[in-house]
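Q: In terms of our numbering, the sequence shown opens at residue 9 and continues consecutively. Virtual Cβ for every residue (Gly too), placed ideally from N, Cα, C. In this text the structure is predicted, and so the values were computed from the model without any measurement.
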Amino acid sequence: YLVFDYYNDKYVLTNRRVVHDERHLLIYETRNEAPLRAVQNVQQVQEGVLAHLFGYGDLVIETAGERGQIVFHRIPDPQETQEVIFEQIMRVQTVDRATERAAIRDALQVRFGLQAVEPPPPDQATPPTAEKPGLTTTSLLKMLVGAFQFFVPPLVYREGDTITWRKHWVALLRPISLPTLGILVATAVALVVLYRGSPDLRASILAGYGVALMFLLPWWLWRFTDWRNDVYQLTASRIVDVERRPFFLREERREANLSMIQNINLEIPGIIGRIFNFGSITIETAGAGAFTFDYVRDPRSVQTEIFRRMEQFQQQQRQRAMQDRRAELLNWFSMYDQLRDSDK
9 YLVFDYYNDK YVLTNRRVVH DERHLLIYET RNEAPLRAVQ NVQQVQEGVL AHLFGYGDLV
69 IETAGERGQI VFHRIPDPQE TQEVIFEQIM RVQTVDRATE RAAIRDALQV RFGLQAVEPP
129 PPDQATPPTA EKPGLTTTSL LKMLVGAFQF FVPPLVYREG DTITWRKHWV ALLRPISLPT
189 LGILVATAVA LVVLYRGSPD LRASILAGYG VALMFLLPWW LWRFTDWRND VYQLTASRIV
249 DVERRPFFLR EERREANLSM IQNINLEIPG IIGRIFNFGS ITIETAGAGA FTFDYVRDPR
309 SVQTEIFRRM EQFQQQQRQR AMQDRRAELL NWFSMYDQLR DSDK
């Protein structure tokens, strides 16, 4: 077990992020990630004679998230790893500066007529698609479909650019366990008495069973609706955590812009989480606190999708900022041309 536990822990550095992947065999799995642009400092710590003698130590990666740190424990040659991380950060910054300079150069060439502007390609009109004849369904079938969609909602679904997650079915078992057990016991007792008891008791048993269901079914429906109403959403620009009580009693909605995300951490709780493929995602933001997506299905894909949307949104923000700076520079050059022409 100790050998597997040792080999399951991984520290990963890519050209976009740093990752600490820690897995305890059959117990739980956690993954802490931070984009390189969120890294503020990297410190190496070597404590004791053995650390200096065998050349290992800790690497503390400081970020702006709520947890603040991602620690690489007892890695070999921490100084070299520290230099590699700084090198990757410099590469990201160099690419950003090169992209900005190229965009400024292209804008200046277009502004002063040094480069011909290619006309946009003509719009290709898409042929109208023939409308499919609508399916006629009876009202009974519509009611059955609506009931099925209500009681068997999808755990993940997309509407345009918005992805919505519900909690896994495992998260529903505990809330509905007591009312479900009550319904089963009441039904079993009623059936036994009806088939084996005295005929004089049937009316009383049916009345008692009806009273029990009048209490147990709303209780069960309340717990189920409370589970169904809690959703987590990811749009093109923000994350949303919605907690809604049944029957519109209360709704709490938290949102944060994707540009505020600092770290995204994953945790899979033990063998049950691995078997049923569910876990929790903790999203640390700057200023809006931490968002927790509990019991989401396939948490690794959820974490990957949030990172992808975050990087895409931040890239769009950087492009808009560069466009604003280019427009300002062009205004300065235009004013310079006017002043130079007025002096002639």
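1) Does the contact criterion of 3 or more C-beta pairs under 8 Å hold for the segment 315–328 versus the segment 248–257?
2) To the nearest angstrom, how far is the alpha carbon of T170 from that of V310?
3) Would you call the segment 289–299 and the segment 271–278 touching, i.e. three or more CB-CB distances under 8 Å?
4) I'd like to check one pair, V239 with W172: are the Cβ atoms closer than 8 Å?
5) Measure from the alpha carbon of V26 to the alpha carbon of each residue in Q54, E37, Q90, F256, then state which is nearest.
6) If you draw a straight line from the alpha carbon of Q48 to that of I97, how long is it in whole angstroms?
7) Grab the span of the beta strand (DSSP E) containing F80 for me, first residue to last.
8) Give a yes or no on whether the C-beta atoms belonging to A296 and M268 are separated by under 8 Å.
9) With DSSP run on the structure shown, which of helix, strand or coil describes E55?
10) Is DSSP giving D104 helix, strand or coil here?
11) Kindly indicate the opening and closing residues of the alpha helix (DSSP H) around G281.
12) State the Cα-Cα distance for the pair T77 and A46, rounded to the nearest angstrom.
13) Using C-beta distances below 7 Å, list every residue in its chain close to A335, excluding the 5 sequence neighbours before and after it, in chain order.
14) Counting only the same chain and skipping the five closest in sequence on each side, list residues whose C-beta sits under 7 Å from that of V92.
15) Please classify Q270 as buried or exposed, where buried requires at least 16 neighbouring CB atoms within 10 angstroms.
16) Ignore the nearest five residues each way along the sequence and tell me which others in L180's own chain have a CB closer than 6 Å to its CB.
17) Determine the DSSP secondary structure at L199, reduced to helix, strand or coil.
18) Which class does T300 belong to by DSSP, given the choice of helix, strand or coil?
19) When the Cα atoms are used, what is the spatial distance from V118 to I112?
20) Which term fits E37, buried or exposed, when burial requires 16 or more other beta carbons within 10 angstroms of its beta carbon?
21) Against chain B, does G168 count as a neighbour if the rule is that its beta carbon must be under 8 Å from one of theirs?
22) Output the boundary residues of the alpha helix (DSSP H) element that contains N237.
23) Since I believe P254 is in contact with W227 (beta carbons under 8 Å), could you give me their beta-carbon distance rounded to a whole number of angstroms?
24) So what does DSSP say about D114, is it helix, strand or coil?
25) Count the other CB atoms, across all protein chains shown, that sit within 10 Å of the CB of L143; report buried if there are 16 or more and exposed otherwise.
26) Identify the residues that DSSP records as bridge partners of P43: which are they?
27) Compare the Cα-Cα distances from E88 to each of I191, Q52, V103 and report the closest residue.
28) Would you mind sorting M318 into buried or exposed? The rule is 16 or more other CB atoms within 10 Å of its CB.
29) Assign H176 to one of two classes, buried (16 or more other C-beta atoms within 10 Å of its C-beta) or exposed (fewer than that).
30) Give the secondary structure of G295 by DSSP, where H, G and I count as helix, E and B as strand, and everything else as coil.
31) If you count every other CB in all the chains shown that lies within 10 Å of the CB of A211, and 16 or more means buried, which is it?
32) Is T146 helix, strand or coil when you go by DSSP?
33) Please check the pair Y19 and H28, which I expect to be a contact at CB under 8 Å, by giving their CB distance rounded to whole angstroms.
34) Output the boundary residues of the alpha helix (DSSP H) element that contains D13.
35) Can you find the residues in the same chain that come closer than 7 Å, C-beta to C-beta, to I184, ignoring five residues on each side of it along the sequence?
A: On the basis of the supplied data:
1) Pairwise C-beta distances place the segment 315–328 out of contact with the segment 248–257, as fewer than three of them are shorter than 8 Å.
2) Looking at the two C-alpha atoms, the distance is approximately 13 Å.
3) Because the criterion of three Cβ pairs below 8 Å is met, the segment 289–299 and the segment 271–278 touch.
4) The amino acid occupying residue 172 in the given sequence is Thr; Trp does not appear at that position. For the pair T172 and V239, the CB atoms are nearer than the 8 Å cut-off.
5) Of the listed residues, the one whose Cα sits closest to V26 is Q90.
6) Spanning the two alpha carbons is a distance of roughly 10 Å.
7) Segment 77–84, the beta strand (DSSP E) holding F80.
8) Their beta carbons are under 8 Å apart, which means A296 touches M268 by this criterion.
9) Coil, per DSSP.
10) Looking at D104 - three-state DSSP - the assignment turns out to be helix.
11) 278–284 is the span of the alpha helix (DSSP H), which, as asked, contains G281.
12) Rather than Thr, the amino acid found at residue 77 in this sequence is Gln. Approximately 11 Å between the Cα atoms of the pair.
13) Once the five neighbours on either side are set aside, A335 has no close Cβ partner at all.
14) L21, listed in sequence order.
15) The residue in question, Q270, is buried, as its Cβ has 16 or more Cβ neighbours within 10 Å.
16) If we look at L180 and ignore the five residues flanking it on each side, its Cβ neighbours are W235.
17) The answer is helix: DSSP assigns L199 an H, G or I state.
18) Strand at T300.
19) If you take the alpha carbons of V118 and I112, they lie about 10 Å apart.
20) That one is buried.
21) Looking at the structure shown, chain B is missing, and only one protein chain is on hand.
22) Start and end: 210–237.
23) Their Cβ separation, rounded to whole angstroms, is 11 Å, which puts W227 and P254 out of contact at 8 Å.
24) In the structure shown, D114 adopts helical secondary structure according to DSSP, grouped into three states.
25) For L143, the predicted structure reports a pLDDT of 45, less than 50, and the residue's modelled location is therefore unreliable. The matter cannot be settled from this model.
26) According to DSSP, which records beta bridges pairwise, P43 is partnered with R25.
27) The option with the nearest alpha carbon to E88 is Q52.
28) Answer is buried; the Cβ neighbour count reaches 16.
29) Residue environment for H176: buried (at least 16 other C-beta atoms within 10 angstroms of its C-beta).
30) Looking at G295 - three-state DSSP - the assignment turns out to be coil, as it is neither helix nor strand.
31) Result: exposed.
32) Of the three classes helix, strand and coil, the one that applies to T146 here is coil, per DSSP.
33) Between Y19 and H28 the beta-carbon gap is near 6 Å, inside 8 Å, which marks them as a contact.
34) Counting along the chain, the alpha helix (DSSP H) containing D13 begins and ends at 10–16.
35) If we look at I184 and ignore the five residues flanking it on each side, its Cβ neighbours are W228, R231, F232.
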